[in-house]
Amino acid sequence: MVLETPTWLNLCFMEKVLRKSENDNSIQVIDIFSKPATNKGDNYTSDMIRVNVEYSRDQSGRKIMEKKSVILKIMPSVEGIRKDLIEMSRVFYTEVSMMTDTLVKMNKLIQPKYRLSGKGMYVQEDNPTLLVIEDLAPLGYRIANRHSGLDLDHCILALRGLARFHATSVAICEKEPNQKEMYTRGMFNIAYPSEMRVFFCKGTKQLAEEMENWPGMKKYVEKIAKLVDHIYNIGIDMWKLSENEFNVINHGDCWVNNMMFKYNDDGKPIDHVFVSIIYHKRSCISSKHKNSLIIYHSLYSDLKDSIH
1 MVLETPTWLN LCFMEKVLRK SENDNSIQVI DIFSKPATNK GDNYTSDMIR
51 VNVEYSRDQS GRKIMEKKSV ILKIMPSVEG IRKDLIEMSR VFYTEVSMMT
101 DTLVKMNKLI QPKYRLSGKG MYVQEDNPTL LVIEDLAPLG YRIANRHSGL
151 DLDHCILALR GLARFHATSV AICEKEPNQK EMYTRGMFNI AYPSEMRVFF
201 CKGTKQLAEE MENWPGMKKY VEKIAKLVDH IYNIGIDMWK LSENEFNVIN
251 HGDCWVNNMM FKYNDDGKPI DHVFVSIIYH KRSCISSKHK NSLIIYHSLY
301 SDLKDSIH
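Everything in the sequence shown is counted per full-length UniProt numbering, starting at 1 for the first residue and increasing by one.
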């Protein structure tokens, strides 16, 4: 289904967003153009719309014209399992908290050229719940090809970014201990309603059934099928917090679609930022499974094989 432009997304709404985010009541929005910000199936936890805005503002006694591109991340409102799961896990609110508070403070600890993410610009709590963030595409950033995977140059940048993310999260949690309590849920949590467990168990079962049609996968099908009734408990155990370990705020969903890269004229990646911050949880950094997603899911096959 094509994402239609909602009726509330108009000149007045974008004027309100820009006036607040820019702290400038002289801003007058003249025109907007919107389109889906992602391809179908690329994003599950929110509906994303890219909005190009043309506006004027007062500067030194005269009006000047400016343009800006922003991304609207809208919490799903259509009734169904998607909406229910996102509400139960509260992952959308986790991202709002990260983008408007924690990440702002983490980014201030490092030089601008090493920033971890774009800026959170505006939050609306209901009707609908949404987050407006900086669009990094006009600055030359783009998502790498998820089917090809990341080569070594991409991976080095991603892991350096993840290291800075971990390091700054430790510094913030030491400076503001209350930050530790803001990220205690994650993707797997015993406190979640049973529907979350059912979702993961059914998904694992469907994966095993689909893999039966893939040549040479029989031994893996058998292993995955045995996990169906246990997969959620394994996830809960994996993410248990131990205060005796070296804990950081882990990303939780560090794969190719949740990061963007900037390239030089030769097509070589030179910079990296995170763009989706939803499953964060404070937990131990020492266990290799916490960051294995980027290795096992996002690398291209030859690089993956060379690691093993």
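Idealized CB from N, CA, C, for every residue including glycine.
ASN25 sits in coil when the DSSP states are folded into three classes, being neither helix nor strand. Fewer than three Cβ pairs drawn from the segment 74-81 and the segment 32-42 lie within less than 8 Å of each other, which leaves the two stretches out of contact. Note on LEU103: 16 or more other CB atoms within 10 angstroms of its CB, so buried under the neighbour-count rule.
Judged by DSSP secondary structure, HIS272 falls within the beta strand (DSSP E) whose first and last residues are 269-274. Just so you know, the alpha carbons of ALA167 and ASN244 end up roughly 17 Å apart. Short of 7 Å from the beta carbon of LYS105, and not among the five residues preceding or following it, lie these beta carbons of its own chain, in chain order: ILE172. Within the model, the alpha-carbon separation for GLN124 versus THR7 is close to 16 Å. Counted as a single uninterrupted DSSP element, the alpha helix (DSSP H) harbouring ARG160 occupies residues 152-175. Excluding residues up to 5 positions away in sequence, PRO269 lie with their Cβ nearer than 6 Å to the Cβ of TYR263 in the same chain. In the three-state reduction of the DSSP assignment, ARG146 falls in the coil class. Look at ASP237 here: in three-state DSSP terms it is helix. Assignment of LEU227 by DSSP, reduced to helix, strand and coil, places it in the helix class.
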